[in-house]
Amino acid sequence: MATLININGQIMPPDQAFISVFDHGLLFGDSVYEVFTTYKGKLFAENEHLTRLKASAKAISLKIPFTDEYLLEEMQKTFDAAENSESYARMVITRGKGEIHISPLSCNSPTMILYVKEAEKYPEEYYSKGIAIALVSTKRNLKDSLNPGIKTGNYLNSVLAIIEAEKLGAYDGLMLNSDGFVSECTTSNFYLVKNGGVKTANPGCGILVGITRKMLIEVARENGIAVQECKISPEEIPAVDELFITSTTKGVMPVTMCDGKKIGDGKPGPVSIKLRSLYQKKLDKIVNNK
Ligand SMILES: Cc1ncc(COP(=O)(O)O)c(C=O)c1O
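Residue 237 in the numbering used here sits at position 242 of the sequence shown, with consecutive numbering throughout.
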């Protein structure tokens, strides 16, 4: 198992990987990023991640001077050098080096940083028993200030929420938006199940529109499970049958406690279990066709 860093095409061990202290990614969180993982050793949804990376960059007026082919080649080269059985890759594009001034005008050359390591394996009991989340008081960023739909390197909103959640003894924090509706967890999209149907916040509620979310909604609908993208009131949560979250690294993860109270019978429910299995089958199909 190896961790390797690729900075602008140079692969190196972590203790040799440095960027300028004048990089605006560090000074102002002025960067965008994506997280990729392999499944059974193969990348999946890489084009969707690159499309979102470019959309995020466009939304912050950051011109990425690298082609998709170059970025994918660098990722593959780094995977090959690291030789992990299942790879995690975090691709960051920062505004680059500039003056200590908020304006990006002095930054002429974005920095590409790729972190490659063995993919995190979550404890099996997170899936067999479910995790605990807590509703936190930190609100999700306003859509018209720092739109949660843009995956930037400024994740302080989620950092504040996870600090709160961990103090409450929960694994993750669920944030409401400024209108009081449910948005998402710190690094995952959030879903509830009631009477066999699934509900998740719509993009208008201020969420990162997850790539796993999109795939999950597709497999659910293809298999006759209704999914509503809508406004969700936190008052609905105590009466739901099931909760779960999704992300690229976690897949579909059941949530069996919220705010210290059991959800349903306190065990992962049938819809979450079925959706996890359908999602994995979809990944199998994607990677078997590669
Ligand atoms: C805030 C937030 N929401 C949702 C997600 C899930 O997105 P994806 O399924 O594309 O990994 C992430 C992933 O990092 C995230 O940071």
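Positions of the beta carbon are idealized from the N, C-alpha and C atoms, including for glycine.
Environment of residue i [buried if 16+ CB atoms lie within 10 Å]
i	result
G201	buried
S287	Residue 287 cannot be examined here, being either before or after the span of the chain that is shown, -4 to 285.
A156	buried
D260	exposed
E64	exposed
H44	buried
T62	exposed
K58	exposed
D25	buried
Per-residue DSSP class, three states only, for residue i
i	result
N1	strand
I126	strand
K112	strand
S26	strand
P8	coil
G20	helix
C200	helix
T32	strand
F74	helix
V154	helix
S167	Per the sequence shown, residue 167 should be read as Asp rather than Ser. D167 falls in the strand class under three-state DSSP.
L38	strand
T62	coil
E224	strand
P249	strand
K49	helix
Bounding residues of the alpha helix (DSSP H) (the contiguous stretch that carries residue i)
i	result
S178	Premise fails: S178 lies in the beta strand (DSSP E), 177 to 180, not in any alpha helix (DSSP H).
V131	Where V131 is concerned, there is no enclosing alpha helix (DSSP H), given that its DSSP letter is neither H nor E.
E213	206 to 217
P265	265 to 283
Inter-residue CB distance, residue i and residue j (contact presumed, cutoff 8 Å)
i	j	result
K134	N172	6 Å
Y110	A84	7 Å
Residue interval of the beta strand (DSSP E) (run including residue i)
i	result
S82	82 to 89
L238	237 to 242
K186	A quick correction: the sequence has Tyr, not Lys, at residue 186. First-last of the beta strand (DSSP E) with Y186: 184 to 189.
P118	Neither: P118 is in no beta strand (DSSP E) and is coded neither H nor E.
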